[in-house]
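Worksheet: the structure to be examined is printed underneath.
Protein chains in written order, with this note's numbering: chain A, 1 to 157; chain B, 1 to 289.
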């Protein structure tokens, strides 16, 4: 098991919505759901986070913030879009200021359904994101080995 | 005798992180069980450390990493001097220097969160330093020495002579191990008003070094507690286990205090428990030559 899969640290951001999904994210930390058993720690710092949990639809005001948090996270990273709003904008999709779901701003790895999303399904999304992180890390180290080999042999510039 | 001390210092450098990490992992498991949760695996701190070391992130500035490295080196040096049998008064100053480097590293980032954390850490340092000095003076009074092995070898049940000072040291441990109610500078728990605080803007290897320094620190802090219970093996084991569980229980049973309360609580504890213990102890020990 890779180290990143065993300790996925989270950061959560509520873009713009009814705040219901964000409350459910915090409910995952309570004794009933216990996200810590998967090694999760909710950090307040994107530089320490591996998985970015976004709830709510993205609008023109907070799109730069979502992008800023995403850009500050070190590679490899995964994004989990939680709830109907984070998928498509939800009931706010037609608003004049809403640009759509999270995917309109940053690449999303896992979608968690629901309005509001249940803590169980959020945990499921986090565990899936951890698996995706492991694959990303494996792909990165494979690419690194390939680059090293090709530069040594002097081929494939 | 000198040979044993060198081996103890080397064992501390090699096994310190192992023991510190296990203490941290056990703490997280016990905390989870107290809250009715399953909790993370026992080896979770090691998984976290390994992951943090593999993360590649550009440091915030050129000053941060050298400062954090100095923090780790001086935290390590404190323990090495301690187990090598140096004067424990000197060790207090090295211990302070290690904390000062961490505070400087936090100030250097410019993040408002780490600045708040750094300021609170400075307040905590002013809160626990007097108690540490009083504890060392008390231990000197019992064993007539400032050497770790001499105090350990004196076989005096220091906890019977210095119960107040022992309680004061529990206060210090709460602050040094970043436990509630005194976890005001930084905390791993997401429900606090300042989550990462002091360690905000420290990503990947930088945070890994802070964690490692913390493990080294926790080992010699518990070695300091051991000095109070060094009269026999049974009292040593029971005393250390009791202190460890007491700290975890207090962490779970209390809420974070404001800095004013942290400072005044600590100084009241220092005055009442520390000085209130030291003065009668000296009066009695002078009466019985």
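Virtual Cβ for every residue (Gly too), placed ideally from N, Cα, C.
Helix, strand or coil: which one does DSSP assign to residue i?
i, result
"residue 55 of chain A", "strand"
"residue 10 of chain A", "strand"
"residue 147 of chain B", "strand"
"residue 71 of chain A", "helix"
"residue 41 of chain A", "strand"
"residue 50 of chain A", "coil"
"residue 251 of chain B", "helix"
"residue 201 of chain B", "coil"
"residue 87 of chain B", "strand"
"residue 186 of chain B", "coil"
"residue 60 of chain A", "coil"
"residue 109 of chain B", "helix"
"residue 155 of chain B", "coil"
"residue 286 of chain B", "helix"
"residue 218 of chain B", "helix"
"residue 17 of chain B", "helix"
"residue 130 of chain B", "helix"
"residue 57 of chain B", "coil"
"residue 195 of chain B", "coil"
"residue 38 of chain B", "coil"
"residue 104 of chain A", "helix"
"residue 88 of chain A", "helix"
"residue 93 of chain A", "coil"
"residue 99 of chain B", "helix"
"residue 277 of chain B", "helix"
"residue 15 of chain A", "coil"
"residue 116 of chain A", "coil"
"residue 114 of chain B", "helix"
"residue 256 of chain B", "coil"
"residue 230 of chain B", "coil"
What residue does the beta strand (DSSP E) around residue i start on, and which one ends it?
i, result
"residue 81 of chain A", "78 to 82"
"residue 168 of chain B", "Per DSSP, residue 168 of chain B belongs to no beta strand (DSSP E); it is in the alpha helix (DSSP H), 163 to 176."
"residue 100 of chain A", "98 to 100"
"residue 112 of chain A", "110 to 112"
Mind reading off the beta-carbon distance from residue i to residue j? Whole number of angstroms is fine, and I expect it under 8 angstroms.
i, j, result
"residue 58 of chain A", "residue 82 of chain A", "Residue 58 of chain A to residue 82 of chain A, Cβ: 13 angstroms. No contact."
"residue 103 of chain B", "residue 118 of chain B", "5 angstroms"
"residue 13 of chain B", "residue 97 of chain B", "Residue 13 of chain B to residue 97 of chain B, Cβ: 18 angstroms. No contact."
"residue 203 of chain B", "residue 74 of chain A", "6 angstroms"
"residue 80 of chain B", "residue 9 of chain B", "5 angstroms"
"residue 122 of chain B", "residue 212 of chain B", "Actually they are not in contact, since the Cβ atoms of residue 122 of chain B and residue 212 of chain B sit about 22 angstroms apart, beyond 8 angstroms."
"residue 89 of chain B", "residue 146 of chain B", "5 angstroms"
"residue 185 of chain B", "residue 124 of chain B", "6 angstroms"
"residue 91 of chain B", "residue 278 of chain B", "In fact, because the Cβ distance is near 20 angstroms, the residues do not count as touching under 8 angstroms."
From which residue to which residue does the alpha helix (DSSP H) around residue i run?
i, result
"residue 80 of chain B", "64 to 84"
"residue 158 of chain A", "The requested residue 158 of chain A does not occur in the structure, where chain A is confined to residues 1 to 157."
"residue 125 of chain A", "119 to 153"
"residue 51 of chain B", "44 to 54"
"residue 268 of chain B", "259 to 269"
Given a cut-off of 8 angstroms on the beta-carbon distance, is the pair residue i and residue j in contact?
i, j, result
"residue 49 of chain B", "residue 206 of chain B", "no"
"residue 32 of chain B", "residue 36 of chain A", "yes"
"residue 28 of chain B", "residue 40 of chain B", "yes"
"residue 99 of chain A", "residue 60 of chain A", "yes"
"residue 51 of chain B", "residue 3 of chain A", "yes"
"residue 22 of chain A", "residue 55 of chain A", "yes"
"residue 194 of chain B", "residue 113 of chain B", "yes"
"residue 26 of chain B", "residue 42 of chain B", "yes"
"residue 230 of chain B", "residue 155 of chain B", "yes"
"residue 68 of chain B", "residue 105 of chain B", "yes"
"residue 266 of chain B", "residue 131 of chain B", "yes"
"residue 123 of chain A", "residue 28 of chain A", "yes"
"residue 116 of chain B", "residue 197 of chain B", "yes"
"residue 252 of chain B", "residue 35 of chain B", "yes"
"residue 117 of chain A", "residue 62 of chain A", "no"
"residue 60 of chain B", "residue 201 of chain B", "yes"
"residue 226 of chain B", "residue 238 of chain B", "no"
inquiry  = When you compare the region 65 to 83 of chain A with the region 119 to 128 of chain A, are there three or more beta-carbon pairs, one atom per stretch, that lie closer than 8 angstroms?
reply    = yes
query = Does the pairing of the region 136 to 147 of chain B with the region 271 to 282 of chain B give three or more beta-carbon distances under 8 angstroms?
reply = yes
ask   = Are the region 80 to 94 of chain B and the region 3 to 10 of chain B in contact at 8 angstroms, needing three or more beta carbon pairs?
value = yes
task = Evaluate contact between the region 37 to 51 of chain A and the region 7 to 19 of chain A, counting only Cβ atoms and requiring at least three cross-stretch pairs below 8 angstroms.
result = yes
message = Using a Cβ distance threshold of 8 angstroms, determine whether the region 172 to 182 of chain B contacts the region 241 to 252 of chain B, with at least three qualifying pairs required.
response = yes
ask   = Is there contact between the region 153 to 170 of chain B and the region 10 to 30 of chain A, where contact requires at least three CB pairs shorter than 8 angstroms?
value = no
query = Listed from N- to C-terminal order along the chain, which residues in the region 41 to 55 of chain A have their beta-carbon within a distance smaller than 7 angstroms of any beta-carbon of chain C?
reply = Among the protein chains in the structure shown, which are A and B, there is no chain C.
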